[in-house]
């Protein structure tokens with residue numbers, strides 16, 4: 001089944017997504033590549049959660065019936081928010097048949113309003129941001145280019161680096177031992193020199 005090319009691809013800065021060949025591929029295909037902070041799973045939360053859900057479903061299906069495709073259809077027929085079409089309706093224009101009882105009228109293609117879907121999802125995103133920001137602490141200090149910092153490595157230890165610039169609102173580019181790394185604000189500390 002071919003769903004076409006995406007307009008935007010979001011990845012986690014893994015080596016497979018930062019290679020020269022991959023960059024050529026997405027440029028030639030007209031795809032915009034956005035990245036989340038490496039080593040910071042919360043920055044890529046939605047895909048990580050979806051992967052966890054699918055893995056859990058596959059384990060259960062393989063233990064019980066062995067039919068993981070039926071479980072995938074069930075996930076695609078599970079509403080993501082009240083008042084929105086099922087994911088299968090948004091993606092394929094119809095509700096997929098699965099083992100769960102459903103009104104026969106649900107299998108007919110129903111028109112939905114793209115603007116309404118975007119509005120509902122936008123409101124949900126704004127609400128989530130509001131509740132996240134209530135408990136998030138504001139940055140105590142600003143990190144500036146050429147500032148000496150300590151950054152957390154993949155192994156969990158800290159090493160010295162220098163801020164090169166801002167990658168986005170919560171992550172920075174850091175030069176560390178001639179390596180250019182991207183780190184989330186959570187994994188950067190000022191050095192005692194500053």
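In UniProt numbering, the protein residues as written are 1 to 194. Just so it is clear, CB atoms sit at the ideal spot from N, CA and C, and this is done for glycine as well. The structure displayed is predicted, hence computed values, not measured ones.
Could you tell me the boundaries of the alpha helix (DSSP H) in which residue i lies?
i, result
"residue 73", "68-76"
"residue 4", "Run containing residue 4: none; DSSP gives neither H nor E here."
"residue 54", "45-64"
"residue 21", "20-28"
"residue 122", "114-135"
Determine the extent of the beta strand (DSSP E) in which residue i is found, giving its start and end residues.
i, result
"residue 150", "148-152"
"residue 33", "32-35"
"residue 176", "171-176"
"residue 94", "That residue, residue 94, is in no beta strand (DSSP E); it is neither H nor E in DSSP."
"residue 181", "179-184"
"residue 161", "158-168"
Is the beta carbon of residue i sitting closer than 8 Å to the one on residue j?
i, j, result
"residue 183", "residue 151", "yes"
"residue 197", "residue 175", "Given that the chain is displayed from residue 1 to residue 194, the structure contains no residue 197 and the question cannot be resolved."
"residue 71", "residue 61", "yes"
"residue 96", "residue 73", "yes"
"residue 129", "residue 40", "no"
"residue 122", "residue 145", "no"
Just mark residue i as buried or exposed, buried being the case when its beta carbon has 16 or more other beta carbons within 10 Å.
i, result
"residue 13", "buried"
"residue 178", "exposed"
"residue 36", "buried"
"residue 139", "exposed"
"residue 89", "buried"
"residue 149", "buried"
"residue 171", "buried"
"residue 147", "buried"
"residue 112", "exposed"
For residue i and chain C, any beta-carbon pair shorter than 8 Å?
i, result
"residue 28", "The structure shown has no chain C; it contains just one protein chain."
Determine, using beta-carbon pairs with one atom in the segment 27-39 and one in the segment 51-58, whether at least three such pairs fall under 8 Å.
no
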